[in-house]
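Colleague: Sequence positions in the sequence shown follow the working numbering and run 1 to 270.
Ideal Cβ positions, reconstructed from N, Cα and C, are used throughout, including at glycine.
One structure is given below, represented as structure tokens, and several questions about it will come after.
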Amino acid sequence: MIFHQIDNSIGNNIYNAYIYEDFNFHLHFHKGYEFVFVLKGELCVTVDKKKYFPKQGECMLIFPYQFHSYQKGEGSKIFVVVFSNAHVPFFHNLTENRLAVSPVFSLSETTEKFILASLIGNTLVEGEKIEIPAPDPLLLKATLYALCAEFFQLSEFVPAPAFRSDPVLDCLLYIESRYTENVSLQDMAKELGFNAEYLCRLLNRTLGIGFKTLINQYRCERAQYLLTNTKATVTVAAMESGFQSIRSFNRVFKETTGISPHELKQSSKI
């Protein structure tokens with residue numbers, strides 16, 4: 001059974017950081033990037049059915065929607081960060097529709113010190129799972145770009161497969177690539193080669209939400225980015241995010257985010 005971590009998928013500013021000891025976690029996937037730094041020992045990480053054995057001082061960068069799991073190594077300690085592509089949009093655009101041949105890499109001494117100092121700091125608490133708070137936004141962006149830049153320079157990339165042999169993941173990839181268009185559940189089912197009712201039940205059973213709610217979450221995430229990071233008006237943000245009318249955009253956006261588009265636009269000017 002493959003588990004979809006919704007908390008690491010939905011949202012424009014995902015950032016979750018933890019230190020784990022003897023970490024073990026079953027097969028899962030999510031929309032965010034996942035950075036792993038081995039602080040001590042060695043463990044087994046499976047990514048898209050291939051096993052890797054990073055050891056102390058080595059890192060991994062797992063891309064969005066890659067299936068991955070952890071098998072603990074005795075005495076191992078790792079630092080894990082999941083972050084959304086909104087933190088590193090330029091890197092995301094550079095690597096879109098591509099995957100690294102290997103997710104394992106080693107940081108330079110200078111970059112390693114900077115990343116650990118910025119993201120972990122002087123955390124001295126011991127335990128099996130320790131949550132690490134995020135640094136201030138500018139430092140966070142600089143740090144994430146530093147690790148992504150080094151990964152990009154060290155890695156060889158190949159085209160990512162269009163479909164990934166799992167219907168739920170294929171649905172997510174389809175929605176991610178087509179949410180700005182006026183597409184329906186029936187359109188998706190036809191392109192993926194499934195019955196529409198089957199996909200409807202599958203999404204509700206696996207993700208707890210239906211096609212319409214899911215695609216609107218992607219649209220709202222895009223609109224949120226446009227409203228807070230560009231000069232786009234509410235109308236432009238709505239149209240470029242795939243909404244067919246301003247009325248439906250205002251309603252869905254507030255239901256999804258808890259704030260109206262106009263309120264968000266005003267607050268971003270402060």
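Could you please give me the residues that DSSP links to Gln71 through a beta bridge?
Modeller: Along the sequence shown, read from residue 1 onward, the residue named residue 71 stands at position 71. Answer is Cys44, bridged to Gln71.
Colleague: Report buried or exposed for Arg219, applying the criterion of at least 16 other Cβ atoms within 10 angstroms of its Cβ.
Modeller: Translated into positions along the sequence shown, residue 219 becomes position 219. With 16 or more other Cβ atoms inside 10 Å of its own Cβ, Arg219 counts as buried.
Colleague: At what residues does the beta strand (DSSP E) containing His26 begin and finish?
Modeller: Mapped onto the sequence shown, residue 26 falls at position 26. For His26, the uninterrupted beta strand (DSSP E) run begins and ends at Phe25 to Phe29, by DSSP.
Colleague: Please go through the same chain and pick out, in chain order, the residues whose beta-carbon is closer than 8 Å to the beta-carbon of Thr257, but skip the five residues on each side of it.
Modeller: Within the sequence shown, numbered from 1, the residue matching residue 257 stands at position 257. The answer, listed in chain order, is Cys220, Gln224 and Leu264.
Colleague: Please classify Gln217 as buried or exposed, where buried requires at least 16 other C-beta atoms within 10 Å of its C-beta.
Modeller: Stepping through the sequence shown from its first residue, residue 217 is reached at position 217. If you draw a 10 Å sphere on the C-beta of Gln217, you find 16 or more other C-beta atoms in it, and that means buried.
Colleague: Using DSSP's beta-bridge definition, name the partner residues of Met60.
Modeller: In the sequence shown, the residue the question calls residue 60 occupies position 60. According to DSSP, which records beta bridges pairwise, Met60 is partnered with Val36 and Val104.
Colleague: In three-state terms, what does DSSP make of Glu21?
Modeller: In the sequence shown, residue 21 corresponds to position 21, counting from 1. Glu21 sits in a strand when the DSSP states are folded into three classes.
Colleague: Output the distance between the C-alpha atoms of Val183 and Val158, rounded to the nearest integer angstrom.
Modeller: The residue given as residue 183 occupies position 183 in the sequence shown. The residue given as residue 158 occupies position 158 in the sequence shown. C-alpha separation (whole angstroms): 29 Å.
Colleague: Could you tell me the boundaries of the alpha helix (DSSP H) in which Glu131 lies?
Modeller: For the purposes of this step, residue 131 is taken as the residue at position 131 of the sequence shown. Per DSSP, Glu131 is not a residue of any alpha helix (DSSP H); the beta strand (DSSP E) it occupies stretches across Lys129 to Glu131.
Colleague: Quick one: what's got a C-beta closer than 7 Å to Leu185's C-beta in the same chain, skipping five residues either side?
Modeller: Residue 185 sits at position 185 when you count from the first residue of the sequence shown. Contacts found: Ala196, Leu199, Cys200 and Phe211.
Colleague: At what residues does the beta strand (DSSP E) containing Val80 begin and finish?
Modeller: Numbered from its first residue, the sequence shown carries residue 80 at position 80. Taken as a continuous stretch (DSSP letters only), the beta strand (DSSP E) holding Val80 covers Lys77 to Phe83.
Colleague: How far does the beta strand (DSSP E) with Tyr145 in it extend, from its first residue to its last?
Modeller: The residue given as residue 145 occupies position 145 in the sequence shown. Where Tyr145 is concerned, there is no enclosing beta strand (DSSP E), although the alpha helix (DSSP H) it sits in stretches over Pro137 to Leu154.
Colleague: Can you pull the DSSP bridge partners for Pro159?
Modeller: Position 159 of the sequence shown, counting from 1, holds the residue named residue 159. Arg98.
Colleague: Near Leu169, which residues of its chain fall below 7 Å by C-beta distance, leaving aside the five closest residues on each side in sequence?
Modeller: The residue given as residue 169 occupies position 169 in the sequence shown. Taken in chain order, the residues that qualify are Phe29 and Tyr65.
Colleague: Identify whether Asn16 lies in helix, strand or coil by the three-state DSSP scheme.
Modeller: Translated into positions along the sequence shown, residue 16 becomes position 16. Assigned with DSSP and collapsed to three states, Asn16 falls in strand.
Colleague: Taking buried to mean at least 16 other C-beta atoms within 10 Å of its own C-beta, is Ser245 buried or exposed?
Modeller: Taking the first residue of the sequence shown as 1, we reach residue 245 at position 245. Residue environment analysis places Ser245 among the exposed positions, since fewer than 16 neighbouring C-beta atoms fall within 10 angstroms of its C-beta.
Colleague: Might you give, ordered along the chain, the residues of its own chain that have their beta carbon closer than 7 Å to the beta carbon of His262, omitting 5 neighbours on each side?
Modeller: Numbered from 1 along the sequence shown, position 262 holds the residue referred to as residue 262. So the qualifying residues of the chain are Val234.
Colleague: Please classify Tyr65: does DSSP put it in a helix, a strand, or coil?
Modeller: Residue numbering aside, residue 65 sits at position 65 when the sequence shown is read from its first letter. Coil.
Colleague: Name the two residues that bound the continuous alpha helix (DSSP H) containing Tyr198.
Modeller: Here residue 198 refers to the residue found at position 198 when the sequence shown is read from its first residue. Run containing Tyr198: Ala196 to Leu207, per the alpha helix (DSSP H) assignment.
Colleague: Return the Cβ separation of Thr228 and Ser268 in integer angstroms, given the expectation that the two are a contact with Cβ distance under 8 Å.
Modeller: Position 228 of the sequence shown, counting from 1, holds the residue named residue 228. Position 268 of the sequence shown, counting from 1, holds the residue named residue 268. Indeed they touch by this definition, with Cβ atoms about 4 Å apart.
Colleague: Locate the beta strand (DSSP E) running through Lys51, then write down its first and last residues.
Modeller: To locate residue 51, count along the sequence shown from 1; it is residue 51. Element bounds for Lys51: Lys50 to Tyr52.
Colleague: Return the CA-CA distance between Asn122 and Gln266, expressed in angstroms with no decimal places.
Modeller: In the sequence shown, counting from the first residue as 1, residue 122 sits at position 122. In the sequence shown, counting from the first residue as 1, residue 266 sits at position 266. Going from the Cα of Asn122 to the Cα of Gln266 covers about 37 Å.
Colleague: On the three-state DSSP scale, how would you describe Lys55?
Modeller: What you label residue 55 is simply residue 55 of the sequence shown in a count that begins at 1. Three-state DSSP puts Lys55 in a strand.
Colleague: Are Tyr52 and Phe23 close, meaning C-beta to C-beta below 7 Å?
Modeller: Residue mapping note: residue 52 aligns to position 52 of the sequence shown, counting from 1. Residue mapping note: residue 23 aligns to position 23 of the sequence shown, counting from 1. Between Tyr52 and Phe23, the C-beta gap is not smaller than 7 Å, which leaves the two residues out of contact.
Colleague: Please identify the residue among Tyr33, Pro103 and Cys44 whose C-alpha is closest to the C-alpha of Cys59.
Modeller: Counted from its first residue, the sequence shown places residue 59 at position 59. With distances taken between Cα atoms, Cys59 lies closest to Pro103.
Colleague: Which residues in the same chain have their Cβ closer than 8 Å to the Cβ of Arg98, if we skip the five residues on either side of it in sequence?
Modeller: One-based indexing of the sequence shown puts residue 98 at position 98. Phe157, Val158, Pro159 and Ala160, listed in sequence order.
Colleague: Hey, is the stretch 104-114 in contact with the stretch 75-94, meaning 3+ C-beta pairs nearer than 8 Å?
Modeller: no
Colleague: Quick one: what's got a C-beta closer than 8 Å to Thr95's C-beta in the same chain, skipping five residues either side?
Modeller: The sequence position of residue 95 within the sequence shown is 95, counting from 1. Once the five neighbours on either side are set aside, the close Cβ partners of Thr95 are Phe63, Phe152 and Phe157.
Colleague: Quick one: grab the DSSP three-state call for Ala189.
Modeller: Start at 1 with the first residue of the sequence shown, and residue 189 comes out as number 189. Three-state result, Ala189: helix.
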